[in-house]
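In what follows, a single structure is set out as structure tokens and then discussed.
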Amino acid sequence: MVNETLSHPFLLQAGDLNVDDISLIFEKARFYLQKFEKDTKKLEDLKGVTVALAFFEPSTRTRLSFELAAKRLSADVFTFSSSTSSLTKGESLLDTLKTIEAMGVHMFVIRHSCSGVPNFLQQNTTGIVINAGDGKHEHPTQALLDAFTLHRYFGDIKGLNVCIVGDILHSRVARSNIVLLNTLGANLGLFSPGTLLPPKIESWNTRIFNDINDAIKWSNVVIVLRLQNERMESGLIPSVREFSKYFGVTYEIYSKKPELVLLHPGPVNYGIELEYTVSNYPNVLIQTQVTHGVYIRMALLSLLAKNLS
Amino acid sequence: MVNETLSHPFLLQAGDLNVDDISLIFEKARFYLQKFEKDTKKLEDLKGVTVALAFFEPSTRTRLSFELAAKRLSADVFTFSSSTSSLTKGESLLDTLKTIEAMGVHMFVIRHSCSGVPNFLQQNTTGIVINAGDGKHEHPTQALLDAFTLHRYFGDIKGLNVCIVGDILHSRVARSNIVLLNTLGANLGLFSPGTLLPPKIESWNTRIFNDINDAIKWSNVVIVLRLQNERMESGLIPSVREFSKYFGVTYEIYSKKPELVLLHPGPVNYGIELEYTVSNYPNVLIQTQVTHGVYIRMALLSLLAKNLS
Amino acid sequence: MVNETLSHPFLLQAGDLNVDDISLIFEKARFYLQKFEKDTKKLEDLKGVTVALAFFEPSTRTRLSFELAAKRLSADVFTFSSSTSSLTKGESLLDTLKTIEAMGVHMFVIRHSCSGVPNFLQQNTTGIVINAGDGKHEHPTQALLDAFTLHRYFGDIKGLNVCIVGDILHSRVARSNIVLLNTLGANLGLFSPGTLLPPKIESWNTRIFNDINDAIKWSNVVIVLRLQNERMESGLIPSVREFSKYFGVTYEIYSKKPELVLLHPGPVNYGIELEYTVSNYPNVLIQTQVTHGVYIRMALLSLLAKNLS
Numbered sequence: 087m088v089n090e091t092l093s094h095p096f097l098l099q100a101g102d103l104n105v106d107d108i109s110l111i112f113e114k115a116r117f118y119l120q121k122f123e124k125d126t127k128k129l130e131d132l133k134g135v136t137v138a139l140a141f142f143e144p145s146t147r148t149r150l151s152f153e154l155a156a157k158r159l160s161a162d163v164f165t166f167s168s169s170t171s172s173l174t175k176g177e178s179l180l181d182t183l184k185t186i187e188a189m190g191v192h193m194f195v196i197r198h199s200c201s202g203v204p205n206f207l208q209q210n211t212t213g214i215v216i217n218a219g220d221g222k223h224e225h226p227t228q229a230l231l232d233a234f235t236l237h238r239y240f241g242d243i244k245g246l247n248v249c250i251v252g253d254i255l256h257s258r259v260a261r262s263n264i265v266l267l268n269t270l271g272a273n274l275g276l277f278s279p280g281t282l283l284p285p286k287i288e289s290w291n292t293r294i295f296n297d298i299n300d301a302i303k304w305s306n307v308v309i310v311l312r313l314q315n316e317r318m319e320s321g322l323i324p325s326v327r328e329f330s331k332y333f334g335v336t337y338e339i340y341s342k343k344p345e346l347v348l349l350h351p352g353p354v355n356y357g358i359e360l361e362y363t364v365s366n367y368p369n370v371l372i373q374t375q376v377t378h379g380v381y382i383r384m385a386l387l388s389l390l391a392k393n394l395s
Numbered sequence: 087m088v089n090e091t092l093s094h095p096f097l098l099q100a101g102d103l104n105v106d107d108i109s110l111i112f113e114k115a116r117f118y119l120q121k122f123e124k125d126t127k128k129l130e131d132l133k134g135v136t137v138a139l140a141f142f143e144p145s146t147r148t149r150l151s152f153e154l155a156a157k158r159l160s161a162d163v164f165t166f167s168s169s170t171s172s173l174t175k176g177e178s179l180l181d182t183l184k185t186i187e188a189m190g191v192h193m194f195v196i197r198h199s200c201s202g203v204p205n206f207l208q209q210n211t212t213g214i215v216i217n218a219g220d221g222k223h224e225h226p227t228q229a230l231l232d233a234f235t236l237h238r239y240f241g242d243i244k245g246l247n248v249c250i251v252g253d254i255l256h257s258r259v260a261r262s263n264i265v266l267l268n269t270l271g272a273n274l275g276l277f278s279p280g281t282l283l284p285p286k287i288e289s290w291n292t293r294i295f296n297d298i299n300d301a302i303k304w305s306n307v308v309i310v311l312r313l314q315n316e317r318m319e320s321g322l323i324p325s326v327r328e329f330s331k332y333f334g335v336t337y338e339i340y341s342k343k344p345e346l347v348l349l350h351p352g353p354v355n356y357g358i359e360l361e362y363t364v365s366n367y368p369n370v371l372i373q374t375q376v377t378h379g380v381y382i383r384m385a386l387l388s389l390l391a392k393n394l395s
Numbered sequence: 087m088v089n090e091t092l093s094h095p096f097l098l099q100a101g102d103l104n105v106d107d108i109s110l111i112f113e114k115a116r117f118y119l120q121k122f123e124k125d126t127k128k129l130e131d132l133k134g135v136t137v138a139l140a141f142f143e144p145s146t147r148t149r150l151s152f153e154l155a156a157k158r159l160s161a162d163v164f165t166f167s168s169s170t171s172s173l174t175k176g177e178s179l180l181d182t183l184k185t186i187e188a189m190g191v192h193m194f195v196i197r198h199s200c201s202g203v204p205n206f207l208q209q210n211t212t213g214i215v216i217n218a219g220d221g222k223h224e225h226p227t228q229a230l231l232d233a234f235t236l237h238r239y240f241g242d243i244k245g246l247n248v249c250i251v252g253d254i255l256h257s258r259v260a261r262s263n264i265v266l267l268n269t270l271g272a273n274l275g276l277f278s279p280g281t282l283l284p285p286k287i288e289s290w291n292t293r294i295f296n297d298i299n300d301a302i303k304w305s306n307v308v309i310v311l312r313l314q315n316e317r318m319e320s321g322l323i324p325s326v327r328e329f330s331k332y333f334g335v336t337y338e339i340y341s342k343k344p345e346l347v348l349l350h351p352g353p354v355n356y357g358i359e360l361e362y363t364v365s366n367y368p369n370v371l372i373q374t375q376v377t378h379g380v381y382i383r384m385a386l387l388s389l390l391a392k393n394l395s
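Set out below in structure tokens:
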């Protein structure tokens, strides 16, 4: 291995990663996956490193995935959220971060409901910030694990047709995936109600579909997004039932092309964006994504930690 | 040691355990107890194993007891509850469990206010589920630690007269104890207000007492249950004061037979089911139960983990 | 090192520590600081020791500081608070503590909104209790880290003029600092609105200032306290703005004597007791205090743990 350093000592958005960075992360993730699928149960790559998980939105899978990743490499992990911290005393998030840094913690995994919080924090500390999802902005480790799942399935991502289905407008997962898959040379399509497409979509280098049959015919992969309940309340879709009818992936549709690879960032709203029976098809890789998520985060933490010593 | 495997790769209810299983757990618990009472502070029997504690009801003692048990054997532990997890996004508990399993976690300690949740989860996953208390159904590790406490005190449980006192109807502790102590050959008695006795009690192979003096005269051991505050509100007892007068264990009653062994699953409502002064008698083994609880859970986790590799 | 034992097997208030105790803690803290600033990342001084962090008030910095301190010495740490524990079932705090003790946990770090809770608990258990802040009473580890910061800066504390500025009446930090700095031979001053000065102040052996210019002229060090929002609501100060004008440390004031060392226990209300621009001066040691806090707590935990074996 020639060079084991990422271009940036942080990960705020998918655009921070070039092709070499992504290769490095995938190689390391594959290394860990093979070790742990054999008989390794614990490594010491992060022994003595403390990772702070600052999650200001409820989360099971992302928080836990980072926690397991860090602990399998023997890091110390501590979690804090606004409800249990001094933030209720009116302290600013940045002050909290600087305080934690002064205690000797240098890796921060941040989830926040406001877009841009991780970027703001990175600009004001010398610590390593990892974005674990910020508002409607980005969720770069999700994009990494999605791409890693496709990489392991197809061997190469270049030239793959990948269509993202659902609420693109509010999805940080979509945003990160579009950037990362573009970097890796995939062709991107979007299929979404017009009210849930972002403005200025032209600059994104994507193909827009208006019919699910066309979208699926074109695709090697669909990434189905979660429909947030709030969307309907805000009048952006007429009803969940109608969304489901025109934009949901049903058994009827999927059974026509079962070789289609289907990803979903989870948790799935079964019966809304995805019919439950579809989830049993072998090319529906939702559980594999979850498994890969831990290895991707192990790889990322371990590569970024090289900037600490 | 001929065979170190339990009959089932899970523990959902006391009925999952036969006499050999119980002996195996007691032997292992005694082994750990003796090691840690000497000078051992930490073992590595569960190194690299991750134990998920999913507690959907408030709990200090059971959660902590499992956490300490797992950590003393060098397991990684992570806790999650509905308030901090994606369950608030409407994800089903089963989906959450499957997600955690996909991340490589295979031991789940579950507490839930609904009876049957651990059974449902076990039927739908390949992970190891341990019931840490489900609704009014069962609390098998409490029964194990109670029996272990009696086993160490009396040498043998066979033929002991054990009377359970209090709110039998709503008590998962009572249910698990009745099954386990029956398996071990104890004679069981119940003393409870009629409204707090379960229906179809005849099939349980127990003796019903109507007077506390008769009950105590007959017993070698009483297991005093906690009176839940909700009971009075629901009209099942006329008043806490009356319950306490007729069904509480007072100094006056206990001092007539201080050789009587008294257990209580905790936390005690002093002044309701048990007078405070009673708790200082040497045969009141409430603190010993707590101590044994950790060793029983160490034994159980370690024996069940044999199914992982 | 002749003797490595503190006078008391607990730390409830600054008065528990004599000059030798403080020297011992400082020496140990310096030892850890030097080891970790070089290349050590983890020691095993507390391996197999479980530290319970019982925090009944929101806290980031103190809780985290203890958690990091314990984990860097390889202790097991578990946290509990009233919201996640059986305390919601009506169990008394003392019962909870005794239960945890019966499980084999012997070190308790307690924060509570009621003054005297740590003292009460210590009197009723054989465990080691450390006061991490109780009501308006004391916060002895804060005083230790403040004094350690001054010790490292000045070499010696004896004869230093230290003025505490702000809400003395409600401040446990002030109370602990006054006692500890008196023990170490500093001269103490207070500068505070009359309504926020405690009664019977004469017995404290301090000088009272009525003008910020006099106070600063006299001082080698000022310890600026946090103004709790509740104070104004309770009518003790006319308005935050007026408090800030007469009792806040502004750039204008501080720039006249930049050699003045300034401490603050954090989190700072910038713009109220301290102007933001002041915080960039090199003798404003707020971040250093935080860093030292971890080493002071490592030293304390490790010295107190000698009473366990």
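Protein chains in written order, with our numbering: chain A, 87 to 395; chain B, 87 to 395; chain C, 87 to 395. Virtual Cβ for every residue (Gly too), placed ideally from N, Cα, C. Note that the coordinates shown come from a computational prediction; the quantities given were computed from them, not determined experimentally.
- Is it buried or exposed for A:GLU130, if we count other Cβ within 10 angstroms and need 16 for buried? Burial is judged here by how many other beta carbons sit within 10 angstroms of a residue's own beta carbon; A:GLU130 has fewer than 16 and is exposed.
- In whole angstroms, what is the alpha-carbon distance linking C:ALA385 and C:LEU132? In this structure, the straight-line span from the alpha carbon of C:ALA385 to that of C:LEU132 is close to 11 Å.
- Query: So what does DSSP say about B:GLY81, is it helix, strand or coil?
  - Reply: Within the shown structure, residues of chain B are numbered from 87 to 395, placing residue 81 of chain B beyond reach of any answer.
- Task: Confirm, please, whether the CB-CB distance from C:GLN228 to C:PRO351 is below 7 Å.
- Result: Result yes, Cβ atoms of C:PRO351 and C:GLN228 sit closer than 7 Å.
- Nearest residue (CA-CA) to B:LEU311, options B:PRO279, B:ILE196, B:ASP300 and B:ASN296: Closest in C-alpha terms to B:LEU311, from the list B:PRO279, B:ILE196, B:ASP300 and B:ASN296, comes B:PRO279.
- Message: Please state whether the Cβ-Cβ distance between C:ASP220 and C:HIS256 is less than 7 Å.
- Response: In this structure, C:HIS256 does not lie closer than 7 Å to C:ASP220 by Cβ.
- So, is the C-beta of C:VAL265 closer than 7 Å to a C-beta in chain A? At least 7 Å separates the CB of C:VAL265 from every CB of chain A.
- Message: Just to confirm my understanding: we take B:LEU154, look at its own chain, exclude 5 residues before and 5 after, and list those with CB closer than 6 Å. What are they?
- Response: If you ignore the 5 residues before and after B:LEU154, its C-beta comes within less than 6 Å of the C-beta of VAL380, all in its own chain and listed in chain order.
- Message: Closest to B:PHE112 by C-alpha separation, out of B:ASN393, B:ALA218, B:ARG383 and B:PHE166, would be which residue?
- Response: Checked all of B:ASN393, B:ALA218, B:ARG383 and B:PHE166; the closest Cα to B:PHE112 is B:ARG383.
- Mind listing the chain B neighbours of C:ASP181? Cutoff is C-beta to C-beta under 9 Å, in chain order. Within 9 Å Cβ-Cβ: GLY352, PRO353, VAL354 and TYR356.
- Hey, could you find the ends of the beta strand (DSSP E) C:ARG293 is sitting in? Its beta strand (DSSP E) spans residues 292-295.
- Cutoff 7 Å: A:ASP162 Cβ touching any chain C Cβ: Taking CB atoms only, A:ASP162 has a neighbour in chain C less than 7 Å away.
- Report the residue from C:ARG293, C:THR377 and C:VAL163 whose alpha carbon sits nearest the alpha carbon of A:GLU187. Selected option, being the one with the closest Cα: C:THR377.
- A:ARG147 to B:MET193 span [Cα, whole Å]: The alpha-carbon separation between A:ARG147 and B:MET193 amounts to approximately 17 Å.
- Within the segment 145-222 of chain A, note down every full beta strand (DSSP E) run reaching 3 residues or more, in order along the chain. Listed in chain order, they are 162-166, 193-198 and 214-220.
- Task: Within 10 angstroms of the Cβ of B:GLU338, are there 16 or more other Cβ atoms? Answer buried if so, exposed if not.
- Result: Burial call: exposed.
- Task: Check the Cβ-Cβ distances between A:GLY134 and every residue of chain C, and say whether any is below 7 Å.
- Result: With respect to chain C, the C-beta atom of A:GLY134 has a partner C-beta closer than 7 Å.
- Rounded C-alpha distance that separates B:LEU92 from B:GLY252: Cα to Cα, the separation comes out at about 32 Å.
- Message: Along the segment 298-332 of chain C, where does the CB come closer than 7 Å to a CB of chain A? Name the residues.
- Response: Those would be none; no residue qualifies.
- Mapping DSSP to helix, strand and coil, what is C:VAL380? When secondary structure is reduced to three states using DSSP, C:VAL380 falls in the helix class.
- What residues are listed by DSSP as bridge partners for A:VAL347? Answer by DSSP bridge pairing, in chain order: A:VAL307.
- Mind listing the chain A neighbours of C:LYS127? Cutoff is C-beta to C-beta under 8 Å, in chain order. Going along chain A in sequence order, the residues near C:LYS127 (Cβ under 8 Å) are LYS133, GLY134 and VAL135.
- Item | C:LYS157 at chain A interface by Cβ criterion, 7 Å | It does; some Cβ of chain A falls within 7 Å.
- Excluding sequence positions up to five away, which residues of its chain have a Cβ less than 8 Å from the Cβ of C:GLY275? If you ignore the 5 residues before and after C:GLY275, its C-beta comes within less than 8 Å of the C-beta of ASN247, VAL248, CYS249, ILE250, THR292, ARG293, ILE294, PHE295, ALA301, TRP304 and SER305, all in its own chain and listed in chain order.
- Which residue or residues does DSSP assign as beta-bridge partners of A:ILE250? According to DSSP, which records beta bridges pairwise, A:ILE250 is partnered with A:LEU276 and A:ILE309.
- What number of angstroms, rounded off, separates the C-alpha of C:GLY134 from the C-alpha of B:ALA115? Taking the straight line joining both Cα atoms gives about 18 Å.
- The beta strand (DSSP E) with C:PHE141 in it runs from where to where? 136-141 is the extent of the beta strand (DSSP E) around C:PHE141.
- Query: Whose C-beta lies closer than 8 Å to the C-beta of B:VAL105 among residues of the same chain, with five residues either side of it excluded?
  - Reply: So the list reads THR269 and LEU270, once near-sequence residues are dropped.
- Is any beta-carbon of chain B found at less than 7 Å from that of A:GLN373? So, interface residue.
- Item | Closer than 7 Å at the beta carbon, the chain A residues around C:GLU359 | Neighbours of C:GLU359 across chain A, judged by C-beta separation under 7 Å, do not exist; the nearest C-beta is about 13 Å away.
- Distance between beta carbons of B:TYR340 and B:TYR367, contact taken as under 8 Å: About 7 Å separates the beta carbon of B:TYR367 from that of B:TYR340, a gap short enough to meet the 8 Å contact definition.
- Query: Can you name the residues of chain B whose CB is closer than 7 Å to the CB of C:ILE186?
  - Reply: Here the neighbours are LEU150.
- In chain order, what residues of the same chain lie with their CB nearer than 8 Å to the CB of B:GLN208, ignoring the 5 residues before and after it? Cβ-Cβ distances below 8 Å link B:GLN208 to PHE96, LEU98 and VAL215 in the same chain, with the five nearest sequence neighbours on each side left out; the list follows chain order.
- Please list the partners that B:GLU153 has in chain C, where partner means a Cβ-to-Cβ separation under 7 Å. Residues of chain C passing the Cβ test: PHE164.
- Task: Assuming B:THR235 and B:LEU371 form a contact by the criterion Cβ under 8 Å, report the distance between their Cβ atoms to the nearest whole angstrom.
- Result: The C-beta separation of B:THR235 from B:LEU371 comes to about 6 Å, placing the pair in contact by the 8 Å criterion.
- Message: Would you say C:MET189 lies against chain B (beta-carbon separation less than 7 Å)?
- Response: Chain B contact via Cβ: present.
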